[in-house]
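So the structure is just underneath, and the comments pick up after that.
Number of protein chains: 2
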Amino acid sequence: MSGRAFDELLAYQRETEALAQVAGRLSWDQETVMPRGAAAQRAEEMGAMEAVLHARRTDPRVGDWLAAAEAPDDRGAAQLRLIRRDHARACAVPADLATALARLTSRAQGVWAEAREMSDFSLFAPVLDEVVRLKREEGAALARGGDVYDALLDGFEPGATAAELQAMFDEMRPRLVALRLRALDGPERAAVQGRFDAAEQMRLAREMAERFGYDFTRGRVDQAVHPFSSGSGDDVRITTRTAPDDPFNCLYSTIHEVGHACYEQGIDRALHMTPAGHGVSMGVHESQSRIYENQLGRSRAFCHFLYGRMRDTFGEIGVADEEAFYATVNRLHRGYIRTEADEVQYNLHVMLRFDLERALIAGDLQVADLEAAWNDRFADDFGYPVDRAANGVLQDVHWSVGLFGYFPTYALGNVYAGCLHAALRRAVPDLDAHLAEGEPGAATAWLRENVQRHGGLYAPREVIARACGAGPTAGPLLDYLDGKFGALYPA
Amino acid sequence: MSGRAFDELLAYQRETEALAQVAGRLSWDQETVMPRGAAAQRAEEMGAMEAVLHARRTDPRVGDWLAAAEAPDDRGAAQLRLIRRDHARACAVPADLATALARLTSRAQGVWAEAREMSDFSLFAPVLDEVVRLKREEGAALARGGDVYDALLDGFEPGATAAELQAMFDEMRPRLVALRLRALDGPERAAVQGRFDAAEQMRLAREMAERFGYDFTRGRVDQAVHPFSSGSGDDVRITTRTAPDDPFNCLYSTIHEVGHACYEQGIDRALHMTPAGHGVSMGVHESQSRIYENQLGRSRAFCHFLYGRMRDTFGEIGVADEEAFYATVNRLHRGYIRTEADEVQYNLHVMLRFDLERALIAGDLQVADLEAAWNDRFADDFGYPVDRAANGVLQDVHWSVGLFGYFPTYALGNVYAGCLHAALRRAVPDLDAHLAEGEPGAATAWLRENVQRHGGLYAPREVIARACGAGPTAGPLLDYLDGKFGALYPA
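Protein chains in written order, with my numbering: chain D, 1 to 491; chain P, 1 to 491.
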């Protein structure tokens, strides 16, 4: 009887997974190939898919099956845990609140885009105020008496708490600031110079994707306004973009998204189309994209290889030699924008948002005061004032679409990547020799074996602990950053 | 109360329409951009979408709403008619039969592809036998005591009967055969000569799409193995293909699909995402694609314009002059394949299939005897024997996926196109002057006004009757073919 309930539940869930994949494909379509006149119709199509998915997630039969089901083994138990969690979260939020949030955030995203275009926060503030209010309601419904922000965070990083992240960030902050100050004390190093043909950039990007293990028979690379990875199982697609004066944007966006995609492609085939058939959390996902992009892709050894390929492809690129190339790829630089920040300062951007969004959800900060709070904090952390709202409080889409609790997972991903990188170097001592040949396969194979194949079977911290032999701490990342940037920017 | 039932039903139906659009987009994706390794997963995704759609179509609430609903006006009455019809058809087929058919035809399509590859009908016969058996069951369930084949036909051409089509085809057959015999009496005219750059073909095809009124802000043109049109409302996409030695394949496939797409794009915006928001039948759909492709696109006047554009684009194309170009575009030629047939012989291909599939469904012909029956009939109709099964009974995908009753709508579309063309010429007497300038806008505007904008509001025959002042007959098509090909192939 209980075995039958388990089988029925998993079969039902498999259909839900298939439908969720369809919804994901629809988003991919929207960002890459959709005719622009189709936007309103597409919103209706997405809304209908979301309604179907929400109805399935909250279906009372799921509760009945969960009550009756008995897992045949550990994997089955993990599947039940994931379904139970998803069902509980979906059922906790009243249907009218979920609908109101979906409608509001759909509208708010448009308002945000316009406000950013005009660089005028006052246009966005009223709707953001509503979003914050509804997210607090949603968080309270999910928290069931616990911490509201933690309940939202848990949606992206199961098991994480703000207190634990706060402690981690408190440890990171002074060492990051010290590195930043030392690097930006003198004149900034120049970026690469030249015009870089878009088709050649894409060709090189596809080559890098292949080198880093992306399986093109189960995915594709397209151009879009924002780089992203989408889909699970046998259809995992990525996008990238090209800028004529900056080939690194395309190359490293591609390697970053390849990290996300390889995580999904690397999951044990037996888990495909099951609740455990996806990356387990945003933080672990980001650890894969970051380690591919930074610890591997921007390493001294890989830069040796890439420098040669860049010169083969583009000829003279305005960089004196290999050493200068490595320094350029890894230069620390001033800037307002998180997504353009370097390895060191990126985490400072995240901490700023983490503190502000917690204060908003707690009610300690009002939306009316958000822009001033942002500007003060930015000046404190980065040493120069924000020049305009579009470069400050309006730069990220996240809050407009209700993503509160998402930002800290970016920095957590860096911390995880630091831990994994240290363990990887111990496991593959001659890694640099491979990287210098343009062959990251020894690294990606280790990541697949120790992280990716597990999908959602283990909790995020457990994934890192199993791979590294110890739970995640900020130490390895900070040591890596000190070592790398200390050498690049000697005192 | 009854007004509320109507509103609730229409709102429910609107969501169903949105989900059906999503399923259609998924098929487009599969034929154009899907990574090849994703096929099995995609089958599962499509199956999940079909299950959702089937559950909605047979939902008992739809029956309750239909019983209670009162239409506010004629349009509302038409919507109710369409929903009632769809609900009744969906409910008539037992769920286990629908599932068995979906599974079987999914498998049969693969078997057919392999059998065609090997050109061996015996590989396909066993599974086709099962398909025929289940389609007879399905037809019987739909017919509720009426004619089984008519019940299947009704799914593609509401209101049409085999008897009526038979009478129409009996009238067409001798005049088509006479034209064919006269044209193919002497040596065949040559096709166009040369190698034609694929990118230039696509550029010219896109120009033609635009000239024929395709709205690129609400659609896109891609390359695929088979040309098709997909989607409704504000997202109607088409595909085409290029052959290096035959630019007409690409150009006329594009204009054909543009006809289908313009029908969907031309539907009154107020009908979008409603049951009446699609072309009303396969026959009327084909009338639009055919009149764009043949009566307009292959007209003497448009060929004048196209000849100039072809020479601008490709230089010398191995055709002596404009007159020879027109004769080449419209040459009648021997061949085994329906989709490559000319305007005259295409209908003979359809009639062959119509007679054979009716006999299969009636039980008068066994699958074991199908190949011999095909070959005999082909030799009778075309005057030469089929050389191999891949060029004969295995050439079309339709039967493998259970499309019985679909073929005759191709010829019916030609008949409708003949009627519409005669009415169009009366309404726009100076049409040739526009076509010679490469401007079919006067024709497409007339078709939009008189056919396309109505969507599914009127029954197929009524659409033609309203546009032409009289119900459809084969006379106008036959007169058009006699006039055109009689002049091209004088006795």
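For glycine and all other residues, C-beta sits at the position ideal for the given N, C-alpha and C.
Handout entry: Identity of the residue in Cys-91/P, Ser-400/P and Arg-180/P nearest Asp-482/P by Cα
Key = Arg-180/P
Practice task
Can you check DSSP and say which residues form a bridge with Asp-396/P?
Solution key: Its beta-bridge partners do not exist; DSSP assigns none.
Practice task
Consult DSSP for Ile-361/D and reduce its assignment to one of helix, strand or coil.
Solution key: If DSSP states are grouped into helix, strand and coil, Ile-361/D belongs with the helices.
Handout entry: Beta-carbon gap between Glu-437/D and Phe-325/D smaller than 8 Å
Key = Result no, Cβ atoms of Glu-437/D and Phe-325/D do not sit closer than 8 Å.
Problem - Whole-angstrom distance between His-434/P and Arg-206/P, CA atom to CA atom - result: 19 Å
Handout entry: Backbone secondary structure at Ser-281/P - three-state DSSP
Key = coil
Exercise for the section: Tell me, please, whether the CB atom of Ala-18/D is closer than 8 Å to any CB atom in chain P? Expected result: yes
Problem - Short Cβ contact (8 Å threshold) for Leu-101/D with Glu-138/D - result: Contact check for Leu-101/D against Glu-138/D passes: the beta carbons are separated by less than 8 Å.
Practice task
Within its chain, find whatever has a CB closer than 6 Å to the CB of Ala-427/D; leave out the 5 residues flanking it on each side and keep chain order.
Solution key: Trp-446
Handout entry: C-alpha distance - Asp-246/P paired with Val-329/P, whole-angstrom precision
Key = Rounded to the nearest angstrom, the gap between the Cα atoms of Asp-246/P and Val-329/P is 11 Å.
Exercise for the section: Measure from the alpha carbon of Arg-453/P to the alpha carbon of each residue in Leu-271/P, Asp-185/P and Ser-2/P, then state which is nearest. Expected result: Leu-271/P
Practice task
Name, please, each residue of chain D whose Cβ falls closer than 7 Å to the Cβ of Gly-219/P.
Solution key: Pro-35
Practice task
Using a cut-off of 9 Å between C-beta atoms, extract the partners of Arg-453/P located in chain D.
Solution key: In chain order: nothing, as chain D lies at least about 17 Å away.
Exercise for the section: Could you list which residues in chain P have their beta carbon closer than 8 Å to that of Asp-29/D, in chain order? Expected result: Arg-25 and Asp-29
Handout entry: Chain-ordered neighbours of Gly-233/P on chain D, where CB pairs are closer than 7 Å
Key = Gln-41
Practice task
Please name the residues in the stretch 261 to 279 of chain D whose beta-carbon is closer than 9 Å to at least one beta-carbon of chain P, in chain order.
Solution key: His-272 and Met-273
Exercise for the section: With 8 Å as the C-beta to C-beta threshold (strictly closer), list the residues of the stretch 43 to 56 of chain P near chain D in chain order. Expected result: Glu-44, Glu-45, Gly-47, Ala-48, Met-49, Ala-51 and Val-52
Handout entry: 8 Å Cβ cutoff, Gln-21/D in contact with chain P
Key = yes
Handout entry: Chain-ordered chain P contacts of Glu-15/D [CB-CB under 9 Å]
Key = Glu-44, Gly-47, Ala-48, Ala-51 and Val-52
Problem - DSSP-derived helix/strand/coil call for Thr-240/P - result: In the structure shown, Thr-240/P falls within a strand segment according to DSSP collapsed to helix, strand and coil.
Practice task
Report yes or no: is there a C-beta of chain D within less than 8 Å of the C-beta of Ala-38/P?
Solution key: yes
Practice task
Determine, using beta-carbon pairs with one atom in the stretch 10 to 21 of chain P and one in the stretch 270 to 284 of chain P, whether at least three such pairs fall under 8 Å.
Solution key: yes
Handout entry: First and last residue of the uninterrupted beta strand (DSSP E) at Val-221/D
Key = 221 to 223
Practice task
My understanding is that Ser-299/P touches Glu-264/P, with C-beta atoms under 8 Å, so please give their C-beta distance in whole angstroms.
Solution key: Contact annotation, Ser-299/P with Glu-264/P: C-beta distance approximately 24 Å; criterion of less than 8 Å not satisfied.
Exercise for the section: Given a cut-off of 8 Å, decide if Ala-68/D and Ala-5/D are closer than it, judged by their beta-carbon atoms. Expected result: Taking C-beta atoms as the reference points, Ala-5/D and Ala-68/D count as a pair closer than 8 Å.
Exercise for the section: For the alpha helix (DSSP H) containing Thr-161/D, list its first residue and its last residue. Expected result: Thr-161/D -> no alpha helix (DSSP H), and no H or E assigned at all.
Problem - DSSP state of Ser-529/P mapped onto helix, strand, coil - result: Residue 529/P lies beyond the residue range present for chain P, which begins at 1 and ends at 491; the question has no answer from this structure.
Handout entry: Heavy atom of the ligand ZN within 7 Å of Asp-355/P beta-carbon
Key = Only the bare structure without any ligand can be found here, which leaves the ligand ZN out of the picture.
Exercise for the section: Could you name the residues that DSSP lists as bridge partners for Ser-230/P? Expected result: Arg-237/P
Handout entry: 4-residue-minimum alpha helix (DSSP H) runs that sit fully inside the stretch 63 to 109 of chain D, ordered along the chain
Key = Taking only runs of at least 4 residues, the alpha helix (DSSP H) segments lying wholly in the stretch 63 to 109 of chain D are 74 to 92.
Practice task
Count the other C-beta atoms from every protein chain shown that fall within 10 angstroms of the C-beta of Arg-461/P, then say buried if there are 16 or more, exposed otherwise.
Solution key: buried
Problem - Proximal residues to Val-62/P (C-beta, below 6 Å), its chain only, five neighbours per side dropped - result: His-87
Handout entry: Same chain, Cβ closer than 8 Å to Arg-377/D, neighbours up to 5 away in sequence not counted
Key = Leu-352, Asp-355 and Leu-356
Practice task
For Gln-395/P, count neighbouring Cβ atoms within 10 angstroms of its own Cβ and tell me buried if that reaches 16, exposed if not.
Solution key: buried
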